[in-house]
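A.B. asks: Got a structure here, written out as structure tokens. Questions coming.
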Amino acid sequence: MPHPLGLELLTVLGLDPVEHVTLAADLGCSAISLGLTQLPERFNPHGYPAWSLREDAGLRRELKAALRDRGVGICLAEGLGVTQREDASARARDMDLFADLGARRVNAVDMGAERERAFDQFAVLAQMAEARGMAFSIEFSPIFTIRTLADALAAVRHVGDGRATVLIDTMHFFRSGGSVAEIAALDPALIGYVQLCDVQRKSTQDYLSDAMTGRMIPGQGELPLREFVEALPRGQLLGLEVPLVGAARSGRTALDYVGEIVRRTRDFLA
């Protein structure tokens with residue numbers, strides 16, 4: 001069974017949600033990841049206009065219609081990271097909005113919160129997601145407190161009762177020392193979501209800059225992505241997180257450069 005592809009929020013670099021859905025459908029992708037507001041300026045090289053699903057009820061209606069009419073789902077709700085100061089319970093309205101839009105899964109990162117607090121806040125978010133009929137995943141990154149797959153699995157165990165899974169971003173996974181063997185040995189039920197990109201094995205700049213401008217189309221970098229994908233559960237959705245900032249700044253349209261990402265990924269995985 002081929003792995004279905006989704007288009008991540010960062011890949012479309014600030015495109016508005018309705019156009020994001022349209023682009024995904026036109027490229028044969030079944031899902032998108034989505035936040036509630038426009039990306040910060042540095043992640044929006046095209047200078048797309050500001051938008052907010054929190055404030056614009058009309059945009060929410062248009063988005064729900066586009067999702068329904070084009071057969072695309074919101075595979076991942078983004079932007080619900082836990083922090084050292086804000087309590088996760090303050091995100092109830094955002095959770096309500098994502099649930100109303102039909103989001104299937106909520107993702108959270110720790111944003112540098114202390115480990116014990118991060119674990120407890122993840123538990124709050126997981127309970128809130130479950131109450132609204134959404135799944136919940138925990139993402140790890142070498143630059144946060146939850147740095148590795150092992151850290152994320154510890155957080156999942158803390159949340160307990162099957163309420164959480166891990167989100168595996170291939171850049172973060174391999175840069176944190178992960179191996180294909182770890183994926184092959186992992187209980188498939190613990191893999192909630194996968195974000196796919198290629199990178200060089202070692203960073204050539206600071207990590208955040210590399211995450212934004214150093215990601216590559218699968219097959220163009222140094223990661224063992226074929227073996228990684230083969231180790232995943234059959235039919236696992238692969239969210240393409242490949243922000244080609246240079247292509248966008250050169251004037252190429254989203255249809256052009258995102259189309260290249262999708263086409264090359266399919267060819268690589270064939």
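Counting in UniProt numbering, the sequence shown runs from 1 upward without gaps.
No residue lacks a Cβ here, since even glycine has one placed at the ideal position from N, Cα and C.
Just so you know, these numbers come straight off a predicted model, no measurement behind them.
Hey, A25 and V72: beta-carbon distance below 7 Å or not?
C.D. replies: On the sequence shown, residue 25 is found 25 positions in, with the first residue counted as 1. On the sequence shown, residue 72 is found 72 positions in, with the first residue counted as 1. For A25 and V72, yes; Cβs fall inside 7 Å.
A.B. asks: Starting from E139 and walking both ways along the beta strand (DSSP E), at which residues does that stretch end?
C.D. replies: On the sequence shown, residue 139 is found 139 positions in, with the first residue counted as 1. Taken as a continuous stretch (DSSP letters only), the beta strand (DSSP E) holding E139 covers 135-139.
A.B. asks: Return the Cβ separation of T170 and F228 in integer angstroms, given the expectation that the two are a contact with Cβ distance under 8 Å.
C.D. replies: Here residue 170 refers to the residue found at position 170 of the sequence shown. Here residue 228 refers to the residue found at position 228 of the sequence shown. Correct: roughly 6 Å between the Cβ atoms.
A.B. asks: Within the stretch 143-170, note down every full alpha helix (DSSP H) run reaching 4 residues or more, in order along the chain.
C.D. replies: Fully enclosed alpha helix (DSSP H) runs of 4 or longer: 149-159.
A.B. asks: Could you check what DSSP says for T37 in three-state terms: helix, strand or coil?
C.D. replies: Within the sequence shown, the letter at position 37 stands for residue 37. Here T37 sits in strand by DSSP.
A.B. asks: Report yes or no: do the stretch 57-70 and the stretch 223-239 share at least 3 C-beta pairs separated by less than 8 Å?
C.D. replies: Because the criterion of three Cβ pairs below 8 Å is not met, the stretch 57-70 and the stretch 223-239 do not touch.
A.B. asks: With distances taken Cα to Cα, identify the nearest neighbour of R163 among L269, Q195, E41, N107.
C.D. replies: By 1-based counting over the sequence shown, the position of residue 163 is 163. The shortest C-alpha separation from R163 is found at N107.
A.B. asks: On a Cα-Cα basis, can you pick out the residue from D256, H3, T165, S250 that is closest to L190?
C.D. replies: Locating residue 190 in the sequence shown gives position 190, where the first residue counts as 1. Closest option to L190, Cα to Cα, is T165.
A.B. asks: Under 8 Å Cβ to Cβ from T145, same chain only, skipping five residues before and after it: list those, please.
C.D. replies: Translated into the one-based positions of the sequence shown, residue 145 becomes position 145. So the qualifying residues of the chain are D110, G112, A113, E114, R115, A118, D151.
A.B. asks: Considering just the uninterrupted stretch of the beta strand (DSSP E) at G192, what are its terminal residues?
C.D. replies: Indexing the sequence shown from 1 puts residue 192 at position 192. Segment 191-196, the beta strand (DSSP E) holding G192.
A.B. asks: Just to confirm my understanding: we take T83, look at its own chain, exclude 5 residues before and 5 after, and list those with CB closer than 7 Å. What are they?
C.D. replies: Sequence index remark: in the sequence shown, residue 83 carries index 83 (1-based). Taken in chain order, the residues that qualify are M111, A113.
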